[in-house]
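Have a look at the structure below before the remarks.
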Amino acid sequence: MAARADAPRYTLLQGDMLDVLEGITDLSIDMIFADPPYNLSNDGFTCKGGRMVSVNKGEWDRSAGPEADFEFHRMWIAACHRKLKPGGTIWISGTYHSIYQCGFALQMGGWHVLNDISWFKPNASPSLSCRMFTASHESLIWARTSKKDKHVFNYKDMKHSHYHMGDVLKKEDKQMRSVWSIPLTKKSEKRHGKHPTQKPESLLERVVLSSTNPGDIILDPFCGSGTTGAVAVRHGRRFIGIDMDEAFLEGIARPRIEDALSEREANNNEDAAGDLLESLRLEVEMAKRG
Numbered sequence: 008m009a010a011r012a013d014a015p016r017y018t019l020l021q022g023d024m025l026d027v028l029e030g031i032t033d034l035s036i037d038m039i040f041a042d043p044p045y046n047l048s049n050d051g052f053t054c055k056g057g058r059m060v061s062v063n064k065g066e067w068d069r070s071a072g073p074e075a076d077f078e079f080h081r082m083w084i085a086a087c088h089r090k091l092k093p094g095g096t097i098w099i100s101g102t103y104h105s106i107y108q109c110g111f112a113l114q115m116g117g118w119h120v121l122n123d124i125s126w127f128k129p130n131a132s133p134s135l136s137c138r139m140f141t142a143s144h145e146s147l148i149w150a151r152t153s154k155k156d157k158h159v160f161n162y163k164d165m166k167h168s169h170y171h172m173g174d175v176l177k178k179e180d181k182q183m184r185s186v187w188s189i190p191l192t193k194k195s196e197k198r199h200g201k202h203p204t205q206k207p208e209s210l211l212e213r214v215v216l217s218s219t220n221p222g223d224i225i226l227d228p229f230c231g232s233g234t235t236g237a238v239a240v241r242h243g244r245r246f247i248g249i250d251m252d253e254a255f256l257e258g259i260a261r262p263r264i265e266d267a268l269s270e271r272e273a274n275n276n277e278d279a280a281g282d283l284l285e286s287l288r289l290e291v292e293m294a295k296r297g
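Structure representation (structure tokens):
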């Protein structure tokens, strides 16, 4: 296992997720976002960019059978539970290929499920077979460590923030519901390279801002292209990302997170400059009055 500790704001760890988790302190994590293998690589085809392409993502995404798949989900979810602080929460994304197994593993593991979110994709790819409904959503399960623990939920931020401007289902200054309309990942978010299961930053922004506070530690055990990390550091959270593939970690995730850090620093500098100008303006006004 290769471990790389960078600036205090984030750490990327390369290796098998179960092995790497053993080196992370128990009860130290505030929130986990996990996008585990969906196990849908079955040599079939889908439509992407108007072209027929294989659904295969890699050997890591092939099903080993329902029993073995469930045991994998049960093991990594249990390992994550040990790392969360009391009241810490986990988000798990998936499709029908995997999400029910993850939900059952959460129930069997003593978690308390808070919500299941439907991420509606308004620009989802069409169905090629025309023999079933077009798959146009994924599910996210949000759960906390146990029923008795208290969790973070930034209710007012979700109710009053800008989300209604890009989500036709979100009404301004109304409660955020459990169906989110968010388009697929933007091309600009793939400028450092493509990952076959990359999530849009706008999806992770809701996850991060709804269930964590500035300074919290967020863990992504299937880091991939680093979307969770980029969003986390951009909003002042700390991040730990784990992935087996060093090419994804170093070639995509790290540069994306570094870009987000630079963006945050630039914004902070602009804010500081604006504060200074405002302070000088007030001093001039007071001098005129004097």
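The sequence shown finishes on residue 297 if you use this note's numbering, and the numbering steps up by one all the way, no holes. For each residue, glycine too, the CB sits at the ideal point set by N, CA and C. What you are looking at is a predicted structure, and each value in this text was computed from that prediction instead of being measured.
Check: Minimum C-alpha distance to I224 - residue among D23, G22, V27, T32; Outcome: T32
Check: Cutoff 6 Å; reference F77; Cβ partners in own chain excluding five residues on either side; Outcome: Q108
Check: Identity of the residues DSSP links to D123 by a beta bridge; Outcome: I148
Check: Between the CA atoms of T96 and M8 - distance to the nearest angstrom; Outcome: Because the pLDDT of M8 is 37, which lies under 50, any placement of that residue in the model is unreliable, and the question is left without a value.
Check: Contacts around K90, its chain only, beta-carbon distance under 8 Å, and the 5 residues preceding and following it disregarded; Outcome: L28, I31, T32, D33, L34, S35, I36, I39, L226
Check: 6 Å Cβ shell around K157 - same chain, five flanking residues per side excluded; Outcome: G94
Check: Range of the contiguous beta strand (DSSP E) that encloses D17; Outcome: One detail in the question is off: residue 17 reads as Tyr in this sequence, not Asp. First-last of the beta strand (DSSP E) with Y17: 17-21.
Check: Contact check, S217 vs M139, beta carbons under 7 Å; Outcome: no
Check: Pair within 7 Å by beta-carbon distance, G258 and G173; Outcome: no
Check: Residues near N130 in its chain [Cβ-Cβ closer than 8 Å; skip 5 each side]; Outcome: P190, L191
Check: Whole beta strand (DSSP E) elements within the segment 71-121, 3-residue minimum; Outcome: 91-101
Check: Alpha helix (DSSP H) segment containing V214, residue limits; Outcome: 208-218
Check: 8 Å contact criterion, which L25 and M82 should meet: CB distance rounded; Outcome: 6 Å
Check: Alpha carbon of T18 to alpha carbon of I84, nearest angstrom; Outcome: 21 Å
Check: V186 in three-state terms, based on DSSP; Outcome: strand
Check: Simplified DSSP assignment, three categories, for I31; Outcome: coil
Check: Residue environment, K206, which counts as buried when at least 16 other CB atoms sit within 10 Å; Outcome: buried
Check: DSSP bridge partner residues for G248 (one or two, in chain order); Outcome: L19, D227
Check: 7 Å Cβ shell around H144 - same chain, five flanking residues per side excluded; Outcome: S125, W126, F127, K128
Check: Spatially closest choice to T234 from S188, L211, F255, D180, by CA coordinates; Outcome: L211
Check: Simplified DSSP state of M165, which is helix, strand or coil; Outcome: helix
Check: Proximity below 7 Å, CB of V215 to CB of V240; Outcome: no
Check: Whole-angstrom distance between S146 and I106, CA atom to CA atom; Outcome: 7 Å
Check: Which listed residue (N220, S188, T219, C87) has its alpha carbon closest to that of S209; Outcome: S188
Check: CB contact flag (A41, H80, <7 Å); Outcome: no
Check: Burial state of K193 (16 or more Cβ within 10 Å); Outcome: exposed
Check: C-alpha gap between C87 and T152, whole angstroms; Outcome: 10 Å
Check: Beta-carbon gap between P221 and G243 smaller than 7 Å; Outcome: yes
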